Amino acid sequence: MVEPRLPQSLTELPLGPLERAITESLQRLDPLTDEVVLASAALVVQALAAGDVCMPLDRLAGRRPWPEHRFTLPALTDWRTALSKASVIGSPGDYRPLILDGDRLYLARYQAYEQALAEALLTRVAARPEVDESVLRESLDRLFAFNAGQSPDWQRLAAAQAVSRRLAVISGGPGTGKTTTVVRLLAALLEQPGGESLAIGLAAPTGKAAARMAEAIRNAKAQLPVSDAIKAALPEEALTLHRLLGARGDSPQVRHDAARPLALDVLIVDEASMVDLALMAKLVDAMPAGARLILLGDKDQLSAVEAGAVFAELCEGRGFDAETVDALGRVTGQLVPLDPPRSALGDAVVLLTHSHRFAGDSGIGELARRINAGDAVGTQRLLKEDRPDLAWQSAPVQAALLDRLEAGYLPYLTTAKTGDPEATFAAFAAFRALAAQREGPWGVASLNDALEQRFKRRHGLAERERWYPGRAVMVRQNDYALGLFNGDVGVCLSTDFGLRVFFEGEGEFRHFAPARLPSHDSAFAMTVHKSQGSEFDEVLLALPEQPSPLLTRALFYTGITRAKRRVEIWGLPERLAEAVTTRAERAAGLAERLRTEVAPIMQATPETAPGQLDLF
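Here UniProt numbering is used: the first residue of the sequence shown is 1, the next is one more, and so on.
As structure tokens, this is what we get:
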């Protein structure tokens with residue numbers, strides 16, 4: 001059998017290995033598949049790699065998708081017609097490798113994820129659990145008495161919604177009290193009739209985020225004005241979502257699904273903005289019909305590394321109609337603003353707006369507001385003011401940057417010589433260098449290499465030496481046997497047994513011989529993506545010298561809000577302006593599906609469909 005070959009017009013296109021594998025697979029399914037369909041499939045794969053769930057046809061219709069090549073896509077109507085006639089492309093519900101849904105082209109698996117998730121969320125938000133409103137009113141009055149001066153008290157309103165619904169979406173920036181809110185809403189749930197028997201789970205996308213969430217809840221519950229029995233019923237352990245669902249290595253399947261649901265009555269998911277479409281679809285599918293799902297996150301932060309921006313899309317439709325305003329008024333005593341929701345999930349969404357971390361005169365808080373508003377001129381003007389918590393190097397030089405970073409880490413390196421892990425981790429959290437990207441002169445890899453050379457010279461070590469007291473590393477892959485997870489940060493210290501790498505645990509420090517660690521990188525400088533969910537006293541954010549597609553408003557906002565006390569930005573004015581004005585909008589159809597009635601989903605997803613779909 002002769003293998004089909006790509007049309008001549010496509011052979012010179014800059015397609016990666018995955019794009020070529022997909023196009024060749026389509027040709028094997030139908031050797032007559034034309035060049036437009038094959039190019040469209042390659043573009044969908046590229047869109048997924050960029051974080052898009054689908055490829056909107058109007059984005060590229062009539063254009064050259066690869067500007068350096070002559071290949072041009074048809075006009076929208078002609079393109080849609082060509083795709084609809086292709087044997088390898090189907091409509092929603094068909095078992096084809098690609099699905100054309102309106103003017104959006106998907107790989108079949110992702111169309112199924114999105115459609116299934118939309119239907120499951122709409123079903124869940126329509127259900128109403130039984131709630132004793134008089135008990136809830138008393139619980140909220142007591143648990144949120146510390147917010148008596150706020151009107152409206154969004155923390156109290158978020159708690160009321162989470163208790164009264166099977167789906168709640170709570171978004172807030174740093175310091176807005178998401179953990180405080182969730183601990184108290186859980187206490188209110190437990191105080192409901194029969195609440196003491198609720199099975200409550202805590203989860204997060206990464207091991208680091210899960211550990212931080214569990215620690216925050218353990219610390220917060222001590223302050224609760226509730227009985228010891230209620231405090232004892234609050235959960236103290238959190239799992240990664242992959243572990244919760246029973247992920248099976250590289251397989252897309254998980255142990256828990258609609259047929260084998262999680263044994264939970266309530267699930268809290270922290271850092272939900274980091275959850276991609278596929279993982280969120282599997283999570284919602286595994287939730288029992290009568291359970292409550294509460295998603296916490298920050299809609300303005302960076303989205304998941306994988307395809308989708310589910311949390312942000314859920315927040316798009318927020319709003320309260322008259323019925324919801326009346327119900328919230330009864331249980332909270334609050335005057336709630338009427339704001340018609342823009343999706344069927346709108347009244348499940350509450351935004352926490354009052355920052356307890358950044359006071360009204362906080363430069364960091366004001367900088368975050370101007371960035372989110374897209375105000376590049378105002379952002380630069382603010383950074384030029386003499387604010388004690390803001391600094392801007394608008395003409396950065398790499399040598400000067402390295403001098404500054406070395407000085408910033410000097411207290412940490414000095415503390416690391418003592419071998420005291422608690423003091424060393426505290427010193428390491430006092431200052432952190434963040435970068436927008438991994439590669440390039442101003443990227444994480446380059447900065448870490450240059451800093452390590454300086455630190456080794458300071459220690460009098462040979463350049464080939466990998467380990468030394470004070471070396472900081474970040475784990476790159478999960479190791480369940482060691483209990484180490486992607487994103488965990490460790491520091492190398494001297495002990496009586498030689499050099500050991502210490503990691504923060506639940507009230508203790510665990511240490512391992514360097515040779516036992518899973519794949520890892522040095523972590524003096526880290527990407528903004530990897531810093532999500534972390535907090536540092538002082539942050540230095542280095543922006544690239546050249547334009548970068550990674551430099552967006554969400555990245556800039558996420559980077560500067562990792563700082564609790566001071567943020568220092570090293571970047572050219574034009575890069576800073578680009579970061580403020582560039583919105584990373586991911587192509588997807590979830591928000592639209594939540595505004596309309598969703599068609600019944602397929603009886604089988606691409607994971608269980610016949611062989612040809614397994615590739616897609």
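Glycine residues also receive a C-beta, built at the ideal position from the N, C-alpha and C atoms.
Computed from a prediction, not measured in an experiment: that's the story for all the values here.
| query | Quick one, which of M287, D521 and A204 has its alpha-carbon nearest L262's? | reply | M287
| task | Spatial neighbours of K299 within its chain, please: CB distance less than 7 angstroms, with the 5 preceding and 5 following residues excluded, ordered by chain position. | result | S171, S273, F311, A312 and C315
| What residue ranges within the UniProt domain "RecBCD enzyme subunit RecD N-terminal" (15-106) form continuous alpha helix (DSSP H) runs of no fewer than 4 residues, ordered along the chain? | 17-29, 35-49, 57-60 and 76-85
| Are at least three pairs of beta-carbons, each pair with one atom in the segment 532-547 and one in the segment 566-575, less than 8 angstroms apart? | yes
| query | From what residue to what residue does the alpha helix (DSSP H) around H242 run? | reply | L241 to L245
| field | C-beta neighbour in chain D for T414, strict 8 angstroms | value | Of the protein chains in the structure, only one exists, and it is not chain D.
| Would a C-beta distance cut-off of 8 angstroms place R370 and G378 closer than the cut-off? | yes
| query | Any idea what DSSP makes of D403, helix, strand or coil? | reply | helix
| What did DSSP end up calling S531 once you bin it into helix, strand or coil? | helix
| field | Three CB pairs or more closer than 8 angstroms across the segment 24-33 and the segment 559-570 | value | no
| message | In the DSSP assignment, the alpha helix (DSSP H) including W154 goes from what residue to what residue? | response | W154 to S164
| query | Three-state secondary structure (DSSP) at T206? | reply | coil
| In chain order, each alpha helix (DSSP H) run of at least 4 residues that lies wholly inside the segment 521-589 | 528-531, 553-560 and 573-581
| query | When the Cα atoms are used, what is the spatial distance from I99 to E504? | reply | 46 angstroms
| Is it a yes or a no for the segment 444-457 touching the segment 396-409, going by three-plus beta-carbon pairs under 8 angstroms? | yes
| Looking only at C-alpha atoms, which of M213, A435, A229 and A278 sits nearest to L245? | A278
| said: Does Y113 pass the burial test, meaning 16 or more other C-beta atoms within 10 Å, or should it be called exposed? | reply: buried
| For A584 versus D52, is the C-beta distance shorter than 8 angstroms? | no
| query | Which residues mark the beginning and the end of the beta strand (DSSP E) in which G433 is found? | reply | Contrary to the premise, residue 433 reads as Ala rather than Gly in this sequence. F431 to A435 is the span of the beta strand (DSSP E), which, as asked, contains A433.
| query | Helix, strand or coil for T180 per DSSP? | reply | helix
| query | How many angstroms separate the CA atom of V169 from the CA atom of A50? | reply | 26 angstroms
| Any 3 or more C-beta pairs closer than 8 angstroms across the segment 253-267 and the segment 127-143 | no
| field | Alpha carbon of L352 to alpha carbon of R104, nearest angstrom | value | 33 angstroms
| query | Would you call D153 buried or exposed, if buried means 16 or more other Cβ atoms sit within 10 Å of its Cβ? | reply | buried
| message | In the DSSP output, which residue or residues are listed as bridge partners for G490? | response | V473 and F503
| Beta-bridge partners of I371, as assigned by DSSP | According to DSSP, I371 bridges with nothing at all.
| task | Count the other C-beta atoms from every protein chain shown that fall within 10 angstroms of the C-beta of R212, then say buried if there are 16 or more, exposed otherwise. | result | buried
| field | Beta-carbon spacing of M526, V444 below 8 angstroms | value | yes
| Rounded straight-line distance, which links the Cα of P388 to that of R566 | 7 angstroms
| query | Below 8 angstroms, can you find three or more Cβ-Cβ pairs linking the segment 221-231 to the segment 289-308? | reply | no
| task | Would you check if the segment 327-342 and the segment 78-87 touch, i.e. whether three or more CB-CB distances between them fall below 8 angstroms? | result | no
| Near L18, what residues of its chain come up, given a Cβ to Cβ distance below 6 angstroms and the 5 sequence neighbours on each side ignored? | V45
| task | Tell me whether A591 sits in a helix, a strand or coil according to DSSP, three-state version. | result | helix
| task | With Q393 as the anchor, note down where its alpha helix (DSSP H) starts and where it stops. | result | Careful: Q393 lies outside any alpha helix (DSSP H), inside the beta strand (DSSP E) at L390 to Q393.
| request: Tell me whether L302 is buried or exposed, calling it buried when 16 or more other Cβ atoms sit within 10 Å of its Cβ. | output: buried
| task | For P92, count neighbouring C-beta atoms within 10 Å of its own C-beta (all shown protein chains included) and say buried if the count is 16 or more, exposed if not. | result | buried
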